[in-house]
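Trainee:
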Amino acid sequence: MSRTLPVQKNDFIDVVFEDLTHEGEGVAKVEGYPLFVPNGLPGEKAKIKVVKVNKSYGFGRLIETYEESPFRVDASCPIYKECGGCQLQHLSYEGQLLAKEKQVRDVLTRMGRLENVKVHPVLGMMDPWRYRNKAQVPIGEQEGGLIGGFYQHRTHQIIDMKECLIQQEKNDEAVQKVKEICGRYGVRAYDEGRHKGDLRHVMARYGLVTGEVMIVMVTRSNELPHKQKIVEEIVASIQGVKSVVHNVNSKKTNVIMGDVTRVLWGEEVIYDYIGDIQFAISARSFYQVNPEQTRVLYEKALEYADLSGDEKVIDAYCGIGTISLFLAQKAKEVFGVEIVPEAIEDAKRNAALNGIMNAEFAVGKAEEVIPEWYKKGNNADVLIVDPPRKGCDEALLQTILSMKPAKVVYVSCNPGTLARDLRILEDGGYKTVEVQPVDMFPQTMHCEAVAKIELRESN
Ligand code: SAH
Numbered sequence: 017m018s019r020t021l022p023v024q025k026n027d028f029i030d031v032v033f034e035d036l037t038h039e040g041e042g043v044a045k046v047e048g049y050p051l052f053v054p055n056g057l058p059g060e061k062a063k064i065k066v067v068k069v070n071k072s073y074g075f076g077r078l079i080e081t082y083e084e085s086p087f088r089v090d091a092s093c094p095i096y097k098e099c100g101g102c103q104l105q106h107l108s109y110e111g112q113l114l115a116k117e118k119q120v121r122d123v124l125t126r127m128g129r130l131e132n133v134k135v136h137p138v139l140g141m142m143d144p145w146r147y148r149n150k151a152q153v154p155i156g157e158q159e160g161g162l163i164g165g166f167y168q169h170r171t172h173q174i175i176d177m178k179e180c181l182i183q184q185e186k187n188d189e190a191v192q193k194v195k196e197i198c199g200r201y202g203v204r205a206y207d208e209g210r211h212k213g214d215l216r217h218v219m220a221r222y223g224l225v226t227g228e229v230m231i232v233m234v235t236r237s238n239e240l241p242h243k244q245k246i247v248e249e250i251v252a253s254i255q256g257v258k259s260v261v262h263n264v265n266s267k268k269t270n271v272i273m274g275d276v277t278r279v280l281w282g283e284e285v286i287y288d289y290i291g292d293i294q295f296a297i298s299a300r301s302f303y304q305v306n307p308e309q310t311r312v313l314y315e316k317a318l319e320y321a322d323l324s325g326d327e328k329v330i331d332a333y334c335g336i337g338t339i340s341l342f343l344a345q346k347a348k349e350v351f352g353v354e355i356v357p358e359a360i361e362d363a364k365r366n367a368a369l370n371g372i373m374n375a376e377f378a379v380g381k382a383e384e385v386i387p388e389w390y391k392k393g394n395n396a397d398v399l400i401v402d403p404p405r406k407g408c409d410e411a412l413l414q415t416i417l418s419m420k421p422a423k424v425v426y427v428s429c430n431p432g433t434l435a436r437d438l439r440i441l442e443d444g445g446y447k448t449v450e451v452q453p454v455d456m457f458p459q460t461m462h463c464e465a466v467a468k469i470e471l472r473e474s475n
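Per my numbering, the sequence shown starts with residue 17, numbered consecutively.
#1: Name the one or two DSSP bridge partners that L471 has.
#2: Please name the residue, chosen from Y287, V23, F302, that lies closest to M273 on a Cα-to-Cα basis.
#3: Let me see if you follow: with CB-CB separation under 8 Å, is Y287 close to chain B or not?
#4: Nearer than 7 Å: is that true of the beta carbon of Y82 relative to any heavy atom of the ligand COA?
#5: Just the C-alpha distance for G199 and T310, rounded to the nearest angstrom, thanks.
#6: List the whole-angstrom C-beta distance separating N374 from E354, where the pair is believed to meet the contact cut-off of C-beta under 8 Å.
#7: Sorted by chain position, which residues of the same chain lie with C-beta nearer than 6 Å to H38's C-beta, five sequence neighbours on each side aside?
#8: Would a C-beta distance cut-off of 8 Å place A411 and P387 closer than the cut-off?
#9: Using a 10 Å radius around the Cβ and a threshold of 16 neighbouring Cβ atoms, would you call N70 buried or exposed?
#10: For S108, tell me which candidate among L471, P458, K468 has the shortest Cα-Cα distance.
#11: Would you check if the distance between the CB atom of K218 and the CB atom of M230 is smaller than 8 Å?
#12: Rank A62, N270, V23 by C-alpha distance to the C-alpha of E47 and give the top, closest one.
#13: Based on Cα-Cα distance, which residue from P154, Y287, N306 lies nearest to R236?
#14: Cβ-heavy atom distance between T338 and the ligand SAH below 7 Å?
#15: Around the Cβ of F33, are there at least 16 other Cβ atoms within 10 angstroms (buried) or fewer (exposed)?
#16: With DSSP as the reference, label G188 as helix, strand or coil.
#17: Buried or exposed: which applies to G227, given that a residue is buried once 16 or more other Cβ atoms fall within 10 Å of its Cβ?
#18: With T310 as the anchor, note down where its alpha helix (DSSP H) starts and where it stops.
#19: Round the Cβ separation of V225 and D288 to the nearest angstrom and send it over; I've been treating them as touching at under 8 Å.
#20: Nearest-angstrom Cα distance between L78 and L280?
#21: Leaving out five residues before and five after S18 in sequence, what residues of the same chain have Cβ atoms less than 8 Å from its Cβ?
#22: Exposed or buried, T269, counting other C-beta atoms within 10 Å across all chains shown (16 or more means buried)?
#23: For I155, list the residues DSSP reports as bridge partners.
#24: I need the boundaries of the beta strand (DSSP E) containing Q294, first residue and last residue.
#25: Mind the definition here: the segment 394–403 touches the segment 326–334 only if three or more C-beta pairs lie below 8 Å; say whether that holds.
#26: Report the option in S92, H106, G101 whose CA atom is closest to the CA atom of S85.
#27: DSSP beta-bridge partners for F28?
#28: Applying the 10 Å Cβ sphere with the 16-neighbour rule, what's the burial state of E196?
#29: Do the segment 444–456 and the segment 464–471 meet, that is, are 3 or more Cβ pairs less than 8 Å apart?
#30: At a cut-off of 7 Å, is V356 close to the ligand SAH when judged by its beta-carbon and the heavy atoms of the ligand?
#31: For V271, is the classification buried or exposed, using 16 other Cβ atoms within 10 angstroms of its Cβ as the cut-off for buried?
#32: Leaving aside the five residues before and after F351 along the sequence, list all residues of the same chain whose C-beta is less than 6 Å from its C-beta, in chain order.
#33: Within 10 angstroms of its Cβ, does R216 collect 16 or more other Cβ (buried), or is it exposed?
#34: If C415 and Y390 are in contact, beta carbons under 8 Å, what's the gap, nearest whole angstrom?
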């Protein structure tokens, strides 16, 4: 079989990279056969060695670059290669934004068959570093002391890390302090292999606007040893700390938090703002990790919804109601639906916190609850969807096609499923007016986009 392929394993060949994969690898094609090569950038000419061949694609290793991309830069982070958390630090920020724009346009054109779709340049950050508001660090041991950082790429080996360049400095400092304090009191790190020891993860979350900090210590054991002293030292040494939480996760699992959460000191939540809306964030709540760009994204969603104040809006996949509450300021009423019951509790609490009376929230699957609403004659003028990576459920898309809201605003964290779903909406009578990518995750390949979709006049 491999004889019919244009390349063989161990071949040395000269290539020109045309593209980037979703993991940030360079893509070169030999007679149409794609080869994925770590560290290759579009436009670069290089010699590669073929290291693996599959039926329809292969992998290569970069041997020598003859011509570098004008967008190539040295990665700023000393642990960039080992960590794997970022994929694009070797590409300038300008290059990253162009690559993401191209990715969205290509996927919508090829997979969504949306020719000439209007894709705007990506809205990026002024300063594309230190943007994450949440650090979640696995804890290990080295020569008796505690270490914490990240799992070495594709392994479960913990590498110690003092700072992460896409993390808020405040979180880095807080995690360092907690590691040091717990280490000093002789707290043992969780040993995944033997399912022994105590401290599994340290989480720090920072409210960008309020400066409030939450610390969460996750243990295997039901008790955190020396907790009184540890909490006293955390409170004394971390500025802005408003909440210290203990979470128990006694299971053998990759899931970080367990079911038992106890507040050891301070409040159960910290607060933050997106635009004018205040959010209470508890240890286990989902909250966007880049609040500055979240505001940019939601403002675009609001612009695309084009509300006059008379509309009934449905926010499917609403989470803790972030988009719903943002839109409620400009709509007649908003109905949010979300599968996680705790998130809906947060959404209701956040509505009350902001004195928003025209937003209601329901627990359930969007693809079940919205058809029920429709059956009861509960229609919407504007429908917002913000699904997880797998995109919208087919049943929800079919309900949209029956309901015929004048506008659909699609917030997507995966251009592939966005393309698939837009095609279904297009075939059912909608038109994709424009698409705005927003860079929520600089230095990584993740790409967020919001699409404005309108019912065609003939429908
Ligand atoms: N709009 C929110 C959350 C987006 S993340 C925000 O911006 O913060 C996607 C959300 O969809 C998650 O909260 C997830 O729990 C929820 N979800 C996943 N599958 C769902 C389904 N079938 N029906 C409703 N919600 C779902």
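Using N, Cα and C, we set each Cβ at its ideal position, and we do this for glycine too.
Mentor: Considering the structure as presented:
#1: Start at 1 with the first residue of the sequence shown, and residue 471 comes out as number 455. Paired residue(s): Y446.
#2: Stepping through the sequence shown from its first residue, residue 273 is reached at position 257. The shortest C-alpha separation from M273 is found at F302.
#3: Considering every chain present, this structure includes no chain B. It has just one protein chain.
#4: Ligands in the displayed structure: the ligand SAH; the ligand COA is not one of them.
#5: On the sequence shown, position 183 is the one that residue 199 refers to. On the sequence shown, position 294 is the one that residue 310 refers to. Rounded to the nearest angstrom, the two C-alpha atoms are 36 Å apart.
#6: Taking the sequence shown and counting its residues from 1, the one referred to as residue 374 is at position 358. Taking the sequence shown and counting its residues from 1, the one referred to as residue 354 is at position 338. A Cβ-Cβ distance of about 18 Å is found for the pair N374 and E354, leaving them out of contact under the 8 Å criterion.
#7: Here residue 38 refers to the residue found at position 22 of the sequence shown. Within the same chain, H38 has close Cβ partners M461.
#8: Within the sequence shown, numbered from 1, the residue matching residue 411 stands at position 395. Within the sequence shown, numbered from 1, the residue matching residue 387 stands at position 371. Yes, they are a contact pair.
#9: In the sequence shown, residue 70 corresponds to position 54, counting from 1. Flag for N70 reads exposed.
#10: By one-based count along the sequence shown, residue 108 stands at place 92. Measuring from the Cα of S108, the nearest candidate turns out to be P458.
#11: Locating residue 218 in the sequence shown gives position 202, counting from the first residue. Locating residue 230 in the sequence shown gives position 214, counting from the first residue. Sequence check: residue 218 is Val here, not Lys. Cβ distance not < 8 Å, so V218 and M230 don't count as in contact.
#12: Taking the sequence shown and counting its residues from 1, the one referred to as residue 47 is at position 31. Nearest neighbour of E47 by Cα position, chosen from A62, N270, V23, turns out to be V23.
#13: The residue labelled residue 236 in the question sits at position 220 within the sequence shown. Out of P154, Y287, N306, P154 has the C-alpha closest to the C-alpha of R236.
#14: Position 322 of the sequence shown, counted from the first residue, corresponds to residue 338. T338 Cβ: within cutoff of the ligand SAH.
#15: Taking the first residue of the sequence shown as position 1, residue 33 is located at position 17. Buried, because 16 or more other Cβ atoms sit within 10 Å of the Cβ of F33.
#16: Counting from one through the sequence shown, the residue named residue 188 turns up at place 172. Contrary to the premise, residue 188 reads as Asp rather than Gly in this sequence. Helix.
#17: Stepping through the sequence shown from its first residue, residue 227 is reached at position 211. It is exposed - the Cβ of G227 has fewer than 16 other Cβ atoms within 10 Å.
#18: In the sequence shown, the residue the question calls residue 310 occupies position 294. Unbroken alpha helix (DSSP H) run through T310: 307–321.
#19: Taking the first residue of the sequence shown as 1, we reach residue 225 at position 209. Taking the first residue of the sequence shown as 1, we reach residue 288 at position 272. Indeed they touch by this definition, with Cβ atoms about 6 Å apart.
#20: In the sequence shown, the residue the question calls residue 78 occupies position 62. In the sequence shown, the residue the question calls residue 280 occupies position 264. Distance between the alpha carbons of L78 and L280: 51 Å.
#21: Mapped onto the sequence shown, residue 18 falls at position 2. Because the pLDDT of S18 is 46, which lies under 50, any placement of that residue in the model is unreliable, and the number read from its coordinates should be weighed accordingly. Q24, K25, V69.
#22: Counted from its first residue, the sequence shown places residue 269 at position 253. By the Cβ-count criterion, T269 is exposed, with fewer than 16 other Cβ atoms from all chains shown falling within 10 Å of its own Cβ.
#23: The sequence position of residue 155 within the sequence shown is 139, counting from 1. Beta-bridge partners of I155 (DSSP): G164.
#24: Counted from its first residue, the sequence shown places residue 294 at position 278. Where Q294 is concerned, the enclosing beta strand (DSSP E) stretches over 293–298.
#25: yes
#26: What you label residue 85 is simply residue 69 of the sequence shown in a count that begins at 1. Comparing Cα positions, the closest option is H106.
#27: For the purposes of this step, residue 28 is identified with residue 12 of the sequence shown, where counting begins at 1. Answer by DSSP bridge pairing, in chain order: K65.
#28: As a position in the sequence shown, residue 196 is number 180, starting the count at 1. Classified as exposed, E196 has fewer than 16 neighbouring CB atoms from the shown chains inside 10 Å of its CB.
#29: yes
#30: Taking the first residue of the sequence shown as 1, we reach residue 356 at position 340. Within the cutoff, so yes.
#31: To locate residue 271, count along the sequence shown from 1; it is residue 255. That one is exposed.
#32: Taking the sequence shown and counting its residues from 1, the one referred to as residue 351 is at position 335. Only I330, E376 meet the Cβ criterion.
#33: To locate residue 216, count along the sequence shown from 1; it is residue 200. Buried, since its Cβ has 16 or more Cβ neighbours within 10 Å.
#34: Counting from 1 along the sequence shown, the entry for residue 415 is found at position 399. Counting from 1 along the sequence shown, the entry for residue 390 is found at position 374. Rather than Cys, the amino acid found at residue 415 in this sequence is Thr. With a Cβ gap of about 6 Å, T415 and Y390 count as contacting.
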